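Each residue of the sequence shown is one higher than the one before, starting from 1 at the first, in full-length UniProt numbering.
Yeah, the Cβ is synthetic: ideal placement off N, Cα and C, and Gly gets one too.
Values in this document were obtained by computation on a predicted structure and should not be read as measured data.
Okay, so here's the structure we're looking at.
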Amino acid sequence: MMTASATSMVVVVVLCVVAAGQSRSSCCCSFAADLFLYYAILQLQISSNTHTSVTTRKTTDKQKNHSFPFIPRSTIKATARAISASAPEAATMVKAIRVHELGGPEVLKWEDVEIGEPKEGEIRVKNKAIGLNFIDVYFRKGVYKAPQCPLLQVCLHICMEAAGVVTAVGSGLTGRKVGDVVAYAGNPMGSYAEEQILPAEKVVTVPPSLDPIVAASVILKGMTAHMLVRRCFKVEPGHTVLVHAAAGGVGSLLCQWANALGATVIGTVSTTEKAAQAKEDGCHHVIMYKEEDFVTRVNEITSGKGVDVVYDSVGKDTFQGSLACLKSRGYMVSYGQSSGMPDPLPMTELAAKSLFLTRASVLSYTATRDELLQAAGEVFSNVASGILRVRINHKYPLSQVAQAHEDLEGRKTSGSVVLIPDGVFEQSTIKATARAISASAPEAATMIKAIRVHELGGPEVLKWEDVEIGEPKEGEIRVKNKAIGLNFVDVYFRKGVYKASTMPFTPGREAAGVVTAVGPGLTGRKVGDVVAYAGNPMGSYAEEQILPAEKVVTVPPSLDPIVAASVILKGMTVHMLVRQCFKVEPGHTVLVHAAAGGVGSLLCQWANALGATVIGTVSTTEKAAQAKEDGCHHVIMYKEEDFVTRVNEITSGKGVDVVYDSVGKDTFQSSGMPDPLPMTELAAKSLFLTRASLFSYTATRDELLQAAGEVFSNVASGILRVRINHKYPLSQVAQAHEDLEGRKTSGSVVLIPDGVFEQ
1 MMTASATSMV
11 VVVVLCVVAA
21 GQSRSSCCCS
31 FAADLFLYYA
41 ILQLQISSNT
51 HTSVTTRKTT
61 DKQKNHSFPF
71 IPRSTIKATA
81 RAISASAPEA
91 ATMVKAIRVH
101 ELGGPEVLKW
111 EDVEIGEPKE
121 GEIRVKNKAI
131 GLNFIDVYFR
141 KGVYKAPQCP
151 LLQVCLHICM
161 EAAGVVTAVG
171 SGLTGRKVGD
181 VVAYAGNPMG
191 SYAEEQILPA
201 EKVVTVPPSL
211 DPIVAASVIL
221 KGMTAHMLVR
231 RCFKVEPGHT
241 VLVHAAAGGV
251 GSLLCQWANA
261 LGATVIGTVS
271 TTEKAAQAKE
281 DGCHHVIMYK
291 EEDFVTRVNE
301 ITSGKGVDVV
311 YDSVGKDTFQ
321 GSLACLKSRG
331 YMVSYGQSSG
341 MPDPLPMTEL
351 AAKSLFLTRA
361 SVLSYTATRD
371 ELLQAAGEVF
381 SNVASGILRV
391 RINHKYPLSQ
401 VAQAHEDLEG
411 RKTSGSVVLI
421 PDGVFEQSTI
431 KATARAISAS
441 APEAATMIKA
451 IRVHELGGPE
461 VLKWEDVEIG
471 EPKEGEIRVK
481 NKAIGLNFVD
491 VYFRKGVYKA
501 STMPFTPGRE
511 AAGVVTAVGP
521 GLTGRKVGDV
531 VAYAGNPMGS
541 YAEEQILPAE
551 KVVTVPPSLD
561 PIVAASVILK
571 GMTVHMLVRQ
581 CFKVEPGHTV
591 LVHAAAGGVG
601 SLLCQWANAL
611 GATVIGTVST
621 TEKAAQAKED
631 GCHHVIMYKE
641 EDFVTRVNEI
651 TSGKGVDVVY
661 DSVGKDTFQS
671 SGMPDPLPMT
681 ELAAKSLFLT
691 RASLFSYTAT
701 RDELLQAAGE
711 VFSNVASGIL
721 RVRINHKYPL
731 SQVAQAHEDL
741 EGRKTSGSVV
751 LIPDGVFEQ
């Protein structure tokens, strides 16, 4: 049976536990709570676990009313020392902005919060200035998800840019001392505070010549501009760039930097005041987007050529127009969405002009210490040299950050916006051109055999017919085909995935043959020349065809026309992939889907020759053996194993530098068009996405000759081995299509005109 004394002690223990739990919210009370709790528990153990009386000291009358069992003073002192050693030091209270629920500027609350001492690898920084960025708005509204506190649905500090003075250094940390002036940008969030704890590796030293307010204004925005003009798309003399929100914090720096790199800069702004600023910041052309259509103006400024790159932080309102402003093979670099997230993008939006799309995040480009130092160093250097002028057009006390957010969202700000801790504040902002090919009626008709498509559908729609062919006109030649390359793009046109310009039509975009007639006045080409072509105009599924002379290249005498017809389109496609879309270099790791296909086979060989580690996916053991021979270091049988898991294992979780994907829907088009892609899919790892088209990369005569020349040279030298694994008479092209779609083929598939095939 428990004594009254023991019962009272149980109550004491419960109260102490509650008191201790409550007091832990304030670290300065934790020692007292822990000591009291220890004392109570010890007395309970004595009272309940022993039946012997406990000797008590003599007490006064007052003490008798609160008689506690005696514990030796030495025990209490030892216990106090032990608890004190393990207890956290008394916390310091600072002012900070806290968000407890998502919403408008009104959710930004000015509160007292605790800040402790820095741990190992950390420093404590007293902020001198805090940069305001649109990303802070995204976190406040929930567009981006912030880390959650354990006891609240949402409870966070926001902001990712500040500069200040080191006030404490964690144990064992070297290379950083109290008094250092530092700046940081990125994670962890929490710079909307008078002081904050930061990992030492996340900060950079602010040069003595640079005001901390300037550093806080430029560190994140400047490194974002660095990422945009030096990493996502390397701006060079002769480029034309379009900058949306040209008078904003990043936009201002972006215009200046691109101008300094020799580019022609076009900027969009909303007001005359911002237009004047953009002009000062290096914009050669300023578009008032509220008064004029920016797509039309860009088209006028570039004489219809379009721009090389669009830097877009606006998002939904400008996204489609931005794509229209790009020239062929242009880059769409999205780095924000102040107007909202753009709709998911169908891959066909990129394919027409072989555009590149990326949703860039500066955190992906400053992930390592070296990358951070390099980017920040170049930013600070450009500020010091005068290349970058930091426009601090607006300052607010930190406690008034809600007003700052409201003004930023209302587009009432320009340049950099800086928040100053209140105490400090009291002391002291495509059109690409299309090329038309004449298709007038032939003068004197000759009848030949060709494949014609009168309706879209399966292989059965490929009809073997007599068609007329006339004489070549000025600038044209007539070619008698020796061999015709079969490619999956032919299937796309047959099925209507890609639209032919007329119906009926003759498919085929790759062939080699002998010139049989030359148009009037044409020089540099004669009857008897052996030539090859790839691309437009369609129509190679024919015994003979009329071609623009500028579209063909000479086949070297050492090269069999059948080999030339097998490699000209596929080889130039590979050239585009490994030399232009992504320049493969030693040390890169590449993933090639359909590694045993016509393009895949050449792609594996060329990437291997360039020093890359090649991973290929195939469907059968026979194709796996071929892929190995073609230079694949790792072959994945995708029907038997998950290729994502295997790639992760092969790369030790690092991933590959580039994926070359001709399959489409199943792996991301032979399998179908992928679903439209939300921009968020790119943002997480700052990925680049392009739907490449060879015709964008061989649009000029020089580009065509350079690509074809390198392909033929690599075939002649043995770097590329052309696998002609299947030949069909042209009249049996329906069977060839069926086999290609059924993945029964590997390497190159060639169609031979029936008369030639019989020989």
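Can you name the start and end residues of the alpha helix (DSSP H) that residue i belongs to?
i, result
"Ala-275", "272-280"
"Gly-377", "369-385"
"Phe-712", "701-717"
"Met-223", "212-226"
"His-405", "401-409"
"Arg-494", "488-495"
"Glu-544", "Segment 544-548 is the beta strand (DSSP E) holding Glu-544; no alpha helix (DSSP H) there."
Flag this pair as yes or no: are the beta carbons of residue i and residue j separated by less than 9 Å?
i, j, result
"Gly-104", "Glu-406", "yes"
"Val-379", "Gly-222", "yes"
"Val-599", "Val-574", "yes"
"Ala-483", "Glu-543", "no"
"Phe-356", "Tyr-331", "yes"
"Tyr-192", "Ile-301", "no"
"Val-307", "Val-314", "no"
"Arg-525", "Val-518", "yes"
"Tyr-728", "Leu-486", "yes"
"Ala-352", "Met-572", "no"
Is it buried or exposed for residue i, if we count other Cβ within 10 angstroms and need 16 for buried?
i, result
"Cys-454", "The amino acid at residue 454 is misidentified as Cys; the sequence shows His. With fewer than 16 other Cβ atoms within 10 Å, it is exposed."
"Val-527", "exposed"
"Ile-752", "buried"
"Ser-662", "buried"
"Ile-430", "For Ile-430, the pLDDT reaches just 30, beneath the cut-off of 50, and the residue's location in the model is therefore unreliable, although a value from the coordinates is still provided. Label assigned to Ile-430: buried."
"Ala-684", "exposed"
"Lys-744", "exposed"
"Leu-705", "exposed"
"residue 775", "The requested residue 775 is not part of the displayed model; the chain covers only 1 to 759."
"His-51", "Any reading at His-51 must be qualified, since the residue scores a pLDDT of 41, below 50, and its modelled position is unreliable; the value itself is stated next. By the 10 Å Cβ count, His-51 comes out exposed."
"Gln-545", "buried"
"Asp-281", "buried"
"Thr-680", "exposed"
"Thr-700", "exposed"
"Ala-692", "buried"
"Gln-403", "exposed"
"Gln-626", "buried"
"Met-347", "buried"
"Val-178", "exposed"
Following the continuous beta strand (DSSP E) through residue i, name the residue where it begins and the one where it ends.
i, result
"Tyr-335", "Looking at the DSSP string, Tyr-335 is not in any beta strand (DSSP E), and its letter there is neither H nor E."
"Leu-108", "108-115"
"Gln-196", "195-199"
"Lys-412", "Segment: none, Lys-412 is in no beta strand (DSSP E) and carries neither H nor E."
"Leu-591", "589-592"
"Leu-603", "Note, Leu-603: premise wrong, no beta strand (DSSP E); alpha helix (DSSP H) at 598-609."
"Ala-683", "Element bounds for Ala-683: not the beta strand (DSSP E) but the alpha helix (DSSP H), 680-683."
"Met-637", "634-637"
"Asn-127", "122-132"
"Arg-389", "First-last for Arg-389: undefined, no H or E at that position."
"Met-503", "Neither: Met-503 is in no beta strand (DSSP E) and is coded neither H nor E."
"Gly-251", "Not the beta strand (DSSP E): Gly-251 falls in the alpha helix (DSSP H), residues 249-260."
Run through DSSP, which three-state label would residue i get?
i, result
"Val-362", "helix"
"Thr-174", "coil"
"Ser-328", "strand"
"Pro-459", "helix"
"Arg-297", "helix"
"Asp-312", "strand"
"Phe-319", "helix"
"Phe-582", "coil"
"Val-663", "coil"
Name the DSSP beta bridge partners of residue i, please?
i, result
"Pro-729", "Ile-752"
"Tyr-184", "Ala-162 and Val-203"
"Ser-619", "In the DSSP output, where bridge partners are listed per residue, Ser-619 has none listed."
"His-394", "Val-417"
"Gly-485", "Val-750"
"Thr-554", "Val-531"
"Met-288", "Val-269"
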